[in-house]
Amino acid sequence: MKPTSPSRGRILLSRTAAAIFGGYALTSASVIFLGAVLPLPKSQAILASSLISFAVYTAAIIWVFAVQDNRRAWLGLLLPALVLAPLGWWLGRGMV
Amino acid sequence: MSQAVKKEGLRQSMAWLHTWGGLWACWILFVVFITGSLGVFDEAITRWMKPQIPQAGEVRGMDDGVDRPLAVRVGQAYLREHVPSSHFWGIGLPSDTDPAVRVFWQDEKEQFQNLRLDATSGEPIKASTERESEGGHHFVHMHFEFHAGTAGIWLVGFFTMAMLVGLVSGVITHKRIFKDFFTFRPGKQQRSWLDAHNAVSVLSLPFQLMIAYTGLATFYMLYMPAGIETHYSTDDAYFADLLTQPTPREETGIKAEVTALDQILISSEKQLQRPLSFISVEHPGDSSASIVTFGRFIEKTGEYRLLGDGGGQVFFDGVSGEQQDFQAPGELRGGAAQDVQSVMRNLHFAAFGGLTARWLYFICGLAGAAMMATGAILFMVKRRQRSLNEFGARTPQVYRIIEVLNIGSISGISLACIAFFWGNRLIPLGITDRPEWEVISFFVAWLLTYVHAAIRPATKAWIEQLLAVAALCLALPLLNWLVVGDQFVSYLQRGDGERAAVELTAMSIGLLSLWTARKLWLKNRQKVERKTPQPSLNTAKVEVA
Amino acid sequence: MNMTLALLLGAALCYAGMAALCLAMDRHHRQVWNRTGATRQKALRLIGWLLLAVAIWPCVRAWGSSVGVVIWFGLLSAAALVLVFLLPYRPKAAALLMGVTALGGLPGLLWSAG
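Protein sequences appear in the order of chains A, B and C.
For reference, each letter of the first sequence is one residue, going 518 to 613 in the working numbering.
For reference, each letter of the second sequence is one residue, going 61 to 605 in the working numbering.
For reference, each letter of the third sequence is one residue, going 7 to 120 in the working numbering.
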């Protein structure tokens with residue numbers, strides 16, 4: 518629990534970065550994806566998923582600190598983000 | 061791993077997150093909560109700061125004695141003469157709290173500029189003999205952007221997310237949330253601070269969750285642009301689609317004069333059945349120009365709602381003056397999602413339930429500030445008794461920095477807030493950019509409190525700053541009486557409850573500050589007399605700090 | 007309904023309800039009566055929930071269903087904050103205030119409804 522040794526500090530830095538940046542990436546991807554798949558007119562679907570996104574982000578950050586495993590945290594955030602974002606973009610093409 | 065061990069592990073990691081995440085976030089958040097709570101009463105504060113404007117309720121409705129068509133002509137004439145080729149014009153009409161016309165435009169660097177004009181002569185108001193003031197807007201701007209524009213909004217958003225995480229991790233950490241629901245045990249040092257922190261947080265939790273979430277939702281387009289960026293070409297295109305408004309048009313490069321805006325005003329007000337607050341012109345001087353007029357927001361007593369209180373809008377072609385769309389006051393567009401967003405925004409802005417809602421927001425906002433303050437103080441109280449050595453050899457220095465930041469960000473910002481009121485009364489009239497000097501006096505006072513905290517022993521710094529807050533708060537009516545000739549009694553005699561309430565509230569906070577300072581002083585004296593704290597205090601165990 | 011009356015009733019009932027729920031707990035019951043009392047605590051718990059529930063009524067009457075509920079939530083927090091800082095210093099006064107607010111609030115509610 519104490520960031521005394523340098524390696525401990527690095528681990529915490531990476532975990533915090535995962536929470537802030539990885540969490541934001543996953544959240545953004547979720548907005549892109551949900552904006553395309555929610556059964557609403559496109560603009561409203563995006564608005565709805567943007568409003569939910571702050572809960573998604575909070576959950577992602579809490580999760581990162583709960584798993585206590587940086588590799589799992591980074592992978593668990595970035596892999597779904599890398600799937601959801603392009604999928605959402607692809608599904609949303611041509612939709613009006 | 062058994063379920064129980066797993067649960068304890070989760071609680072430990074959440075306690076760590078709550079302690080450290082909370083610590084780094086609580087200074088900024090304390091500022092956000094104090095200024096936000098004051099910002100709830102921005103109009104009242106503005107009236108107190110500007111004795112020249114009428115008291116609340118005196119001016120309302122269509123016929124408020126202002127020649128609005130003339131005001132619009134004055135604004136349009138200025139913009140046409142000085143910035144004919146800007147991409148954007150805006151005209152803010154005189155209101156109850158400001159008798160001037162405000163003109164807005166985008167300069168060559170795409171930056172928004174604005175200027176206040178006399179509503180009849182059209183002369184720019186640079187310096188005046190009146191008490192020009194930033195008023196209560198100062199607190200609103202501190203609250204959401206620290207007077208730092210988009211960067212400030214991001215900063216506040218970042219820490220608001222930290223607050224959401226802090227609330228969730230705090231609830232997970234708190235072992236006996238229902239058992240300790242009403243528990244506060246005073247006079248027990250660390251235990252008391254923890255109790256107080258738990259009590260103010262848990263008892264106002266619905267408000268804290270709501271205010272953090274709705275604050276983020278208000279700026280969703282800035283904070284979470286991914287969806288709009290991916291699925292739309294521009295923000296305007298998204299808005300036009302969402303609100304089924306006329307789509308903004310591309311500039312053509314063909315020169316064309318903007319139609320007479322006073323006629324646009326008259327036509328809009330007739331249809332909206334209320335005064336306009338703002339007129340915007342997109343692409344003035346181009347044949348693609350378009351105009352939107354906005355009806356004034358009217359807070360009706362006896363009619364309270366969270367949705368459908370909009371002032372209405374009318375859309376016109378900017379050159380021909382032909383009407384393109386009409387959105388009646390209270391008309392809803394954008395479906396359920398937009399309704400939810402509007403409700404969230406209204407919930408955050410506290411303008412839906414009259415004075416009762418404002419006072420409850422003020423109280424709950426101060427509870428939020430108290431949550432930050434007790435958390436920050438608890439962190440230090442715990443470590444003052446027994447260092448946890450988190451930073452190795454540097455631990456004492458880091459603790460000292462944290463202590464200084466605590467003092468300047470809690471008692472210091474309070475001092476700066478009341479200093480702002482003193483600045484309003486003491487800065488000479490007629491000085492150029494007087495409102496900016498008020499804001500500068502606020503920041504200078506705030507900065508000095510950190511310096512003071514750094515050069516004085518911690519307990520003395522706390523006591524002295526709290527005494528300074530008390531003195532400035534309690535003497536505010538005296539200052540007002542000396543400078544302007546008014547104070548809360550004369551306000552009350554005139555039936556101006558709003559201005560009187562500003563001083564009475566300041567005095568109450570002054571008394572609270574005095575009481576806290578006295579308590580600290582007594583405790584400190586006891587400690588000095590005993591020389592060393594009782595050893596039994598060091599062994600007090602708590603789950604969180 | 008008159009705004010001031012609604013506010014008074016709402017605040018009184020919220021305080022009475024919160025105080026009843028609080029004093030229904032062992033620790034706080036002892037603070038006032040120096041002992042636990044199973045029957046009284048059970049009664050307090052029931053009355054507490056009832057008082058909090060009826061406190062919605064004046065709020066909704068005065069501010070409408072959406073804003074009224076927000077005001078009710080705000081009053082709950084404000085009342086609980088008053089209680090939690092009054093109780094340790096003046097436990098008897100906190101209990102007395104519960105009696106006064108309940109006895110004033112309930113008839114007031116009936117009177118305003120009639």
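Glycine is no exception: its CB is placed at the ideal position from the N, C-alpha and C atoms.
Treat the numbers as computed from the prediction; the structure is a model and nothing was measured.
- Taken in chain order, the complete alpha helix (DSSP H) segments of 4 or more residues contained in the segment 255-341 of chain B are 265-278, 280-283, 286-291, 295-302, 321-332.
- For the set Ser73/B, Val91/B, Phe101/B, Pro114/B, the Cα lying nearest the Cα of Arg554/B is the one of Pro114/B.
- Under the three-state reduction of DSSP, Phe219/B is assigned to helix.
- Per DSSP, Phe480/B has no beta bridge partner at all.
- Interface residue (Cβ-Cβ distance to chain B less than 7 Å): Trp69/C is classified as such.
- Beyond the five residues adjoining it in sequence on each side, Pro144/B comes within less than 7 Å, by CB distance, of Gly345 in the same chain, given in chain order.
- Secondary structure at Leu175/B: strand, using DSSP grouped into helix, strand and coil.
- Pairing Val88/C with Ala479/B, the inter-Cα distance amounts to about 29 Å.
- Boundaries of the alpha helix (DSSP H) harbouring Arg494/B: 494-515, taken from the DSSP string.
- Non-local C-beta neighbours of Gly425/B in its own chain, meaning closer than 6 Å and more than five positions away in sequence, comprise Phe93, Gly96, Ser97, ordered along the chain.
- Taking every protein chain shown into account, the CB of Gln171/B has fewer than 16 other CB atoms within 10 angstroms, so this residue is exposed.
- In this structure, Ala85/C places its C-beta atom within 7 Å of the C-beta atom of Cys20/C.
- Within the segment 532-604 of chain A, the complete alpha helix (DSSP H) runs of at least 4 residues fall at 540-554, 559-584.
- Ala49/C and Gly43/C have their C-alpha atoms spaced approximately 10 Å apart.
- Within the segment 527-576 of chain B, the alpha helix (DSSP H) runs of at least 4 residues that lie entirely inside it are, in chain order, 536-543, 548-553.
- Counting the other Cβ atoms within 10 Å of the Cβ of Gly526/A gives fewer than 16, which makes it exposed.
- For Phe238/B, the three-state secondary structure derived from DSSP is coil.
- Around the beta-carbon of Phe538/A, fewer than 16 other beta-carbon atoms lie within 10 Å, marking it exposed.
- Look at Gly150/B here: in three-state DSSP terms it is strand.
- Bridge partners of Thr353/B according to DSSP: Ile339/B, Val374/B.
- Per DSSP, the unbroken alpha helix (DSSP H) holding Phe422/B starts and ends at 414-445.
- Among the residues facing chain B, Ile77/C is included, as its CB has a counterpart in that chain under 7 Å away.
- Contact of Gly557/B with chain C is not assigned, every C-beta pair being separated by 7 Å or more.
- The beta-carbon of Cys28/C is placed less than 7 Å from the nearest beta-carbon of chain B.
- Leu139/B and Leu321/B have their C-alpha atoms roughly 12 Å apart.
- Phe582/A has a beta carbon lying within less than 7 Å of a beta carbon in chain B.
- DSSP places Phe204/B in the helix class (H, G or I) of the three-state scheme.
- Residue pairing by DSSP puts Phe164/B in a beta bridge opposite Gly150/B, Asn174/B.
- The way I'd put it, the segment 541-549 of chain A does touch the segment 594-605 of chain A; three or more beta-carbon pairs between them come closer than 8 Å.
- Among the residues facing chain C, Ser568/B is not included, as its CB has no counterpart in that chain under 7 Å away.
- Comparing alpha carbon positions, the residue from Trp165/B, Thr157/B, Ser402/B closest to Glu192/B is Thr157/B.
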